[in-house]
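Visitor:
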Amino acid sequence: MESTSPYSRQEILRWIGISALLGIILPVFYSFESYWTLQGLSKIWDDMLYSFMMSLGISLSVGLNEHLLDRRFPWLEHPGKRLILEILGISLFGFSASFLMNVLFFTLFGMIDYNNFPWETMLNNALIPLYVGYVISAIFISRGFLGRAKAEAVRAEKLQTEKYRSEVRVLRDQLNPHFLFNSLNILTNMVYEDADRSAAYIRQLSRFYRYVLEVQDEDTVELERELQFIRDYIQLQQERFGGDALQYSEKLFPNPDFQIPPLALQLLLENALKHNRCSSAEPLKIEIIQEGNSLIIRNNIQKRSVQSEHLGIGLSNLIRRYELLKADLPQINSDEAHFTVKIPLLLKA
Numbered sequence: 001m002e003s004t005s006p007y008s009r010q011e012i013l014r015w016i017g018i019s020a021l022l023g024i025i026l027p028v029f030y031s032f033e034s035y036w037t038l039q040g041l042s043k044i045w046d047d048m049l050y051s052f053m054m055s056l057g058i059s060l061s062v063g064l065n066e067h068l069l070d071r072r073f074p075w076l077e078h079p080g081k082r083l084i085l086e087i088l089g090i091s092l093f094g095f096s097a098s099f100l101m102n103v104l105f106f107t108l109f110g111m112i113d114y115n116n117f118p119w120e121t122m123l124n125n126a127l128i129p130l131y132v133g134y135v136i137s138a139i140f141i142s143r144g145f146l147g148r149a150k151a152e153a154v155r156a157e158k159l160q161t162e163k164y165r166s167e168v169r170v171l172r173d174q175l176n177p178h179f180l181f182n183s184l185n186i187l188t189n190m191v192y193e194d195a196d197r198s199a200a201y202i203r204q205l206s207r208f209y210r211y212v213l214e215v216q217d218e219d220t221v222e223l224e225r226e227l228q229f230i231r232d233y234i235q236l237q238q239e240r241f242g243g244d245a246l247q248y249s250e251k252l253f254p255n256p257d258f259q260i261p262p263l264a265l266q267l268l269l270e271n272a273l274k275h276n277r278c279s280s281a282e283p284l285k286i287e288i289i290q291e292g293n294s295l296i297i298r299n300n301i302q303k304r305s306v307q308s309e310h311l312g313i314g315l316s317n318l319i320r321r322y323e324l325l326k327a328d329l330p331q332i333n334s335d336e337a338h339f340t341v342k343i344p345l346l347l348k349a
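Letter by letter, the sequence shown follows residues 1 to 349 in full-length UniProt numbering.
1. Helix, strand or coil for Gln-266? Go by DSSP, reduced to three states.
2. From the DSSP output, which residues share a beta bridge with Gln-290?
3. Taking 7 Å as the cut-off, decide whether the C-beta atoms of Leu-284 and Gly-314 are in contact.
4. Contact between the segment 97-107 and the segment 68-83 is defined here as three or more beta-carbon pairs at a separation below 8 Å; is this criterion met?
5. What are the start and end residues of the alpha helix (DSSP H) that includes Ile-260?
6. If Gln-290 sits next to Phe-229, beta carbons under 8 Å apart, how far is it from one beta carbon to the other, in whole angstroms?
7. Got a sec, what are the start and stop residues for the alpha helix (DSSP H) Pro-344 sits in?
8. Find out if the Cβ-Cβ distance for the pair Ile-286, Tyr-248 is shorter than 7 Å.
9. Between the segment 55-62 and the segment 83-99, can you find at least three pairs of beta-carbon atoms closer than 8 Å?
10. Secondary structure at Ile-25, three-state DSSP: helix, strand or coil?
11. Curious, which full-length alpha helix (DSSP H) runs of at least 4 residues does the segment 88-120 contain?
12. Quick check on this structure: which residue in Glu-86, Gly-17, Asp-244 and Ser-206 has the alpha carbon closest to the alpha carbon of Ser-142?
13. Should Phe-258 and Leu-325 be called a contact, given that it needs their Cβ atoms to be closer than 7 Å?
14. For my contact list, residue 385 and Pro-261 are in at a C-beta cut-off of 8 Å; report their separation, rounded to the angstrom.
15. Could you check which residue in Ser-51, Val-154 and Ile-202 has the C-alpha nearest to that of Ile-25?
16. In its own chain, which residues sit with a C-beta less than 7 Å from the C-beta of Met-101, not counting the 5 before and 5 after it?
17. Reducing DSSP to helix, strand and coil, say where Ile-301 ends up.
18. What separation, rounded to the nearest whole angstrom, lies between the Cα atoms of Arg-225 and Ile-234?
19. For the alpha helix (DSSP H) that contains Gln-204, what are its first and last residues?
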């Protein structure tokens with residue numbers, strides 16, 4: 001099983017070093033007055049060495065315990081079992097390390113008679129540093145939880161971002177492919193009638209699809225870029241239906257900080273064309289008006305006799321994209337005369 005430890009081996013070694021250093025400093029701090037005499041001063045090195053050995057032994061045992069348990073029983077996957085094993089491991093490893101360090105220290109200074117081994121003294125001495133082990137273990141646990149929580153948060157954010165991009169890609173792929181076929185049919189007829197007009201149409205069509213390709217991986221784009229794209233789209237559609245059949249107007253206040261999901265406006269305009277009659281006798285009137293930090297897209301209603309089977313998919317697409325951006329959602333209103341969508345403008349991050 002892959003290690004899920006939230007801290008590296010270098011971090012464990014660093015904490016062992018800090019714990020050992022504290023083992024040297026703390027006895028001096030708590031017994032400072034006893035070292036003012038010559039006799040007390042002569043003991044300071046012995047006390048510091050003893051404290052260092054105890055702290056080092058406990059720290060190593062805690063580090064070993066954490067390393068082994070993190071590999072087999074991560075906190076987030078086995079919390080109950082991990083708590084029991086944590087206590088048992090610290091008790092076993094910590095006590096063993098403390099006992100061995102006590103024996104080693106007293107052996108180095110010739111203070112043990114192995115013919116009459118002082119079991120009671122060694123056991124009592126080994127129990128006291130064990131409490132330090134529990135404190136160090138608590139520090140490792142708390143840091144482990146925080147580190148793991150942070151790692152999980154980063155991982156969740158990455159997954160959310162990947163999911164968002166995947167969903168947006170699917171939503172964009174739902175753009176009506178018939179527009180391309182209609183445009184090519186118009187161009188085919190236009191080439192034989194007016195070369196200059198067909199050249200201008202090709203340039204607009206080229207700009208249209210270049211923009212689609214440029215923004216395919218963007219979450220938001222500048223409002224002005226989207227509006228220029230929409231103007232090209234309107235002109236292309238006017239070539240199809242006629243300038244009198246499709247009437248477009250806008251009332252906007254330029255602001256370079258305003259953003260919008262790419263192709264959002266095109267989706268709304270396509271929705272209006274799909275569900276309404278559009279002819280010189282019955283012109284479809286579309287207007288885009290800025291109202292504070294929102295855009296209002298409005299068209300007159302003159303429903304086709306046969307409605308598209310995909311009615312509402314485009315609007316659901318748009319709402320879902322705003323949901324994925326965690327932004328305020330578009331508002332949709334319809335009366336007998338007009339269909340209106342109010343979409344929030346997003347501020348540049």
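Beta carbons: idealized from backbone N, C-alpha and C, even for Gly. Predicted model only: the values in this text are computed from it and were never measured.
Guide: Put simply:
1. helix
2. Leu-295
3. no
4. no
5. Careful: Ile-260 lies outside any alpha helix (DSSP H), inside the beta strand (DSSP E) at 258-260.
6. Between Phe-229 and Gln-290 the Cβ distance is about 17 Å, and since that is not below 8 Å, they are no contact.
7. It is not in any alpha helix (DSSP H) - Pro-344 instead sits in the beta strand (DSSP E) that spans 338-344.
8. yes
9. yes
10. helix
11. 95-108
12. Glu-86
13. no
14. Because the chain is modelled from 1 through 349, residue 385 falls outside the range shown and cannot be assessed.
15. Ser-51
16. Met-53, Met-54 and Gly-57
17. coil
18. 14 Å
19. 195-214
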